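Chemist: Structure below; questions to follow.
In the working numbering, the protein residues as written are 103 to 677.
So, in structure tokens, the structure goes:
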């Protein structure tokens, strides 16, 4: 007797035997039981999940001599002929070989004749999407109103290619991808029936390689058991399949997490020497880092199909890598997968990608950096201070110009004595003392305070802010703010009563107290009070380098300051 492959010998003969398609088996059985069987069916789904098998079972259930019955007897002449593919009333047509209008016309002419010995004449057209457009159009009328003794069953892996007019005339059944556990269970039963010993690890590998297709997994089982006597070792099975052991994936993943470049290269070299498919290894690594991320969010609850030993290994590795870093590894490997498939040197491409992952620094969340900076400051950093601009968070804060007196020990000595950055995290604007007893004191406004006020005024009243930018800050004496404006148009503009009142209102809002404006004209109108750009940039760079928050950030990040920019206001207001 000729050898029959496992996929054919273990083909289901009853609806109850369909693995992973219980929803379809139940619906079709109920339809037959209620005598509500449609005249046309469309079975869609992945290859090897049971579409053609279900069509044959449906044909046997309808044409069984003891039926129609929800379950065929598989003993009568009609059932045996359909099972063996020699029934004259059940015609299986390959859509890829019969694509033309002439082939469809032959079907249309034959549907007029009654079945020879069965209740129904059933046409099973596999890969129906391969029919031409003209062939579909020729079939439409017959498909819509066939004779009562005719049933059509279409099977396809690509339903999108079918015209909507054809799909609307059929009952569509979508076959699911078969779960990994069910495939392993069926493979285990087949191996036991063949008296072949295979480890569960290899069975899981076969099911994973099948990618949800029972037929593909059974074909791989035939491949590794061909000529085997008694037991199949893991090494022989992997060599026959040409794939790497699953432990290699975990070994490479662990080496990436531990930043062990030598181990990564040695493992990859061993895999390459065995002749394993490097693109398959790349995809396995993609799945591995995806599983690590899923492990973080579900603790393994969303990975039920993996064996327990893999779940344990994933849990251990997930504890050593953050989800954001696993995501970065996934994205690098996703790009590498495309490059490996197209490159004439796939090993070199994969090597460089893995080395990139090994040397890639882990990400540090901004929140963690802020917490570490705050910890360096003793947890007392003021949220109202902007490190970028050196100005307080906004007007009316009450301490906009507050600063301790300049007398006494230098700031550096105080910091060394206190061991805290608090002395440098105080607001950078100088001016009005907070002590009401010192209102008569003269406090020169610092450049930061004056620049902050001008920026605030520009955001509120852009035209007024443009004139203030040509002025320099003088002194703040009590409630009087004296500024110097270029003589001529600028000074006259700001001395106007309405504009002066507007400046005083903005100053009161910014400094947190009532302010009177005094404008003093200096120099010529054409003269600019702004310092040269180079000097301003140098001063800003120096101030930024001296700022303790910047120094702390550079220390934490192990970085260096390359450029200092003046922060511009955002559109719609705000600093």
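Backbone N, C-alpha and C define an ideal beta-carbon position, used for all residues, glycine too. None of these values were measured; they are calculated from a predicted model.
Among all the DSSP beta bridges, which residues are the ones paired with residue 623?
Modeler: Here residue 623 refers to the residue found at position 521 of the chain shown. Beta-bridge pairing links residue 623 to 587.
Chemist: Pull up the CB-CB distance for residue 145 and residue 130, whole angstroms please, since I reckon it's below 8 Å.
Modeler: In the chain shown, the residue the question calls residue 145 occupies position 43. In the chain shown, the residue the question calls residue 130 occupies position 28. Between residue 130 and residue 145 the Cβ distance is about 10 Å, and since that is not below 8 Å, they are no contact.
Chemist: Would a C-beta distance cut-off of 8 Å place residue 625 and residue 589 closer than the cut-off?
Modeler: By one-based count along the chain shown, residue 625 stands at place 523. By one-based count along the chain shown, residue 589 stands at place 487. Yes, the Cβ-Cβ distance between residue 625 and residue 589 is below 8 Å.
Chemist: Give me the residue from 203, 246, 612, 432 with the minimum Cα distance to residue 236.
Modeler: The residue you call residue 236 lines up with position 134 of the chain shown. Closest option to residue 236, Cα to Cα, is 203.
Chemist: Could you tell me whether the segment 386 to 398 touches the segment 345 to 364, where touching means 3 or more Cβ pairs closer than 8 Å?
Modeler: yes
Chemist: Taking residue 383 and residue 423 to be in contact with their CB atoms under 8 Å, please state how far apart those CB atoms are, rounded to whole angstroms.
Modeler: Translated into positions along the chain shown, residue 383 becomes position 281. Translated into positions along the chain shown, residue 423 becomes position 321. About 19 Å separates the two Cβ atoms, so there is no contact after all.
Chemist: Closest to residue 412 by C-alpha separation, out of 616, 334, 303, 451, would be which residue?
Modeler: In the chain shown, the residue the question calls residue 412 occupies position 310. Between residue 412 and the set 616, 334, 303, 451, the nearest pair of CA atoms involves 303.
Chemist: Under the rule that 16 or more other beta-carbon atoms within 10 Å means buried, what is residue 219, buried or exposed?
Modeler: Position 117 of the chain shown, counted from the start, is the residue given in the question as residue 219. That one is exposed.
Chemist: Relative to the alpha-carbon of residue 311, which residue among 365, 299, 339 has its alpha-carbon at the smallest distance?
Modeler: As a first step, residue 311 must be located in the chain shown, where it is residue number 209. That would be 339, whose Cα lies nearest to the Cα of residue 311.
Chemist: What are the complete alpha helix (DSSP H) segments, minimum 4 residues, inside the segment 373 to 422?
Modeler: 380 to 400, 410 to 420
Chemist: Pick out whichever of 594, 158, 602 has its Cα sitting closest to the Cα of residue 582.
Modeler: For the purposes of this step, residue 582 is taken as the residue at position 480 of the chain shown. The option with the nearest alpha carbon to residue 582 is 602.
Chemist: Three-state secondary structure (DSSP) at residue 496?
Modeler: Here residue 496 corresponds to residue number 394 of the chain shown, with the count starting at 1. Reliability of the predicted coordinates at residue 496 is poor, the pLDDT of 38 falling under 50, and no value is obtained from them.
Chemist: Does residue 586 pass the burial test, meaning 16 or more other C-beta atoms within 10 Å, or should it be called exposed?
Modeler: Here residue 586 corresponds to residue number 484 of the chain shown, with the count starting at 1. Classification of residue 586: buried, given that the 10 Å Cβ count is 16 or more.
Chemist: My guess is that residue 273 and residue 142 are in contact by the Cβ rule of under 8 Å, so how many angstroms apart are they, rounded?
Modeler: In the chain shown, residue 273 corresponds to position 171, counting from 1. In the chain shown, residue 142 corresponds to position 40, counting from 1. Indeed they touch by this definition, with Cβ atoms about 7 Å apart.
Chemist: Looking at the secondary structure, which residues open and close the beta strand (DSSP E) in which residue 194 lies?
Modeler: Locating residue 194 in the chain shown gives position 92, counting from the first residue. Segment 192 to 196, the beta strand (DSSP E) holding residue 194.
Chemist: Under the three-state reduction of DSSP, which class applies to residue 226: helix, strand or coil?
Modeler: Here residue 226 refers to the residue found at position 124 of the chain shown. Correct three-state label for residue 226: strand.
Chemist: Suppose you measure from the CA of residue 563 to the CA of residue 477; what does that come to, to the nearest Å?
Modeler: As a position in the chain shown, residue 563 is number 461, starting the count at 1. As a position in the chain shown, residue 477 is number 375, starting the count at 1. Using only the alpha carbons, I get a separation of about 39 Å.
Chemist: To the nearest angstrom, report how far apart residue 260 and residue 229 are at their CA atoms.
Modeler: As a first step, residue 260 is located in the chain shown; it is residue number 158 there, counting from the start. As a first step, residue 229 is located in the chain shown; it is residue number 127 there, counting from the start. Note on geometry: alpha-carbon atoms of residue 260 and residue 229 lie some 8 Å from one another.
Chemist: Find the nearest neighbour of residue 656 within the set 597, 471, 556, judged by alpha-carbon distance.
Modeler: Position 554 of the chain shown, counting from 1, holds the residue named residue 656. Per the Cα distances, 471.
Chemist: Given residue 285, which residues of its chain have a CB within under 7 Å of its CB, disregarding the five upstream and five downstream residues?
Modeler: What you label residue 285 is simply residue 183 of the chain shown in a count that begins at 1. Excluding the 5 residues flanking it on each side, residue 285 has same chain C-beta neighbours closer than 7 Å at 309, 312, 316, 319, in chain order.
Chemist: Using 10 angstroms around the beta-carbon of residue 591, count the other beta-carbons present and answer buried if the total reaches 16, otherwise exposed.
Modeler: Residue numbering aside, residue 591 sits at position 489 when the chain shown is read from its first letter. Residue 591 comes out exposed.
Chemist: Should residue 466 go down as buried or exposed, given a rule of 16 or more other Cβ atoms within 10 Å for buried?
Modeler: In the chain shown, counting from the first residue as 1, residue 466 sits at position 364. Exposed, because fewer than 16 other Cβ atoms sit within 10 Å of the Cβ of residue 466.
Chemist: Which residue wins for smallest C-alpha separation from residue 175, given the options 402, 159, 572, 277?
Modeler: As a working mapping, residue 175 is identified with position 73 in the chain shown. It is 159 whose Cα lies nearest to the Cα of residue 175.
Chemist: For residue 326, which residues in the same chain have their Cβ closer than 8 Å to its Cβ, ignoring the five residues on either side in sequence?
Modeler: Numbered from its first residue, the chain shown carries residue 326 at position 224. Once the five neighbours on either side are set aside, the close Cβ partners of residue 326 are 300, 304, 308, 334, 338, 339, 342, 343.
Chemist: On the CB-based measure, 16 or more other CB atoms within 10 Å of its CB, does residue 456 come out buried or exposed?
Modeler: Numbered from 1 along the chain shown, position 354 holds the residue referred to as residue 456. It is buried - the Cβ of residue 456 has at least 16 other Cβ atoms within 10 Å.
Chemist: Run through DSSP, which three-state label would residue 142 get?
Modeler: As a working mapping, residue 142 is identified with position 40 in the chain shown. In this structure, residue 142 counts as strand in the three-state DSSP scheme.
Chemist: With distances taken Cα to Cα, identify the nearest neighbour of residue 295 among 104, 112, 565.
Modeler: Counting from 1 along the chain shown, the entry for residue 295 is found at position 193. When each option's Cα is compared against that of residue 295, the closest is 112.
Chemist: In chain order, what residues of the same chain have a beta carbon less than 7 Å from the beta carbon of residue 121, not counting five sequence neighbours either side?
Modeler: Against the chain shown, residue 121 aligns to sequence position 19. Counting only Cβ-Cβ distances below 7 Å, and skipping sequence neighbours, we find 280, 284, 288, 316.
Chemist: Note down the Cα distance separating residue 416 from residue 147, rounded to an integer number of angstroms.
Modeler: Residue 416 sits at position 314 when you count from the first residue of the chain shown. Residue 147 sits at position 45 when you count from the first residue of the chain shown. Computed Cα separation, rounded: 31 Å.
Chemist: According to the neighbour-count rule (16 or more other Cβ atoms, all chains shown, within 10 Å of its Cβ), is residue 271 buried or exposed?
Modeler: Walking along the chain shown from the start, residue 271 turns up at place 169. Residue 271 should be labelled buried.
Chemist: Could you compute how far the alpha carbon of residue 568 sits from the alpha carbon of residue 598?
Modeler: One-based indexing of the chain shown puts residue 568 at position 466. One-based indexing of the chain shown puts residue 598 at position 496. Computed Cα separation, rounded: 16 Å.
Chemist: Measuring alpha carbon to alpha carbon, tell me which of 435, 243, 401 ends up nearest residue 419.
Modeler: Numbered from its first residue, the chain shown carries residue 419 at position 317. That would be 401, whose Cα lies nearest to the Cα of residue 419.
Chemist: Identify whether residue 110 lies in helix, strand or coil by the three-state DSSP scheme.
Modeler: As a first step, residue 110 is located in the chain shown; it is residue number 8 there, counting from the start. DSSP places residue 110 in helix when its eight states are reduced to three.
Chemist: Three or more C-beta pairs under 8 Å: does that hold for the segment 250 to 260 against the segment 208 to 223?
Modeler: Short answer: they touch.
Chemist: Leaving out five residues on either side along the sequence, give the residues of the same chain with a beta carbon under 7 Å from the beta carbon of residue 170.
Modeler: Residue 170 sits at position 68 when you count from the first residue of the chain shown. So the qualifying residues of the chain are 134, 163, 164, 221.
Chemist: Can you name the residues that DSSP bridges to residue 151?
Modeler: Against the chain shown, residue 151 aligns to sequence position 49. Residue 151 pairs with nothing; no bridge assigned.
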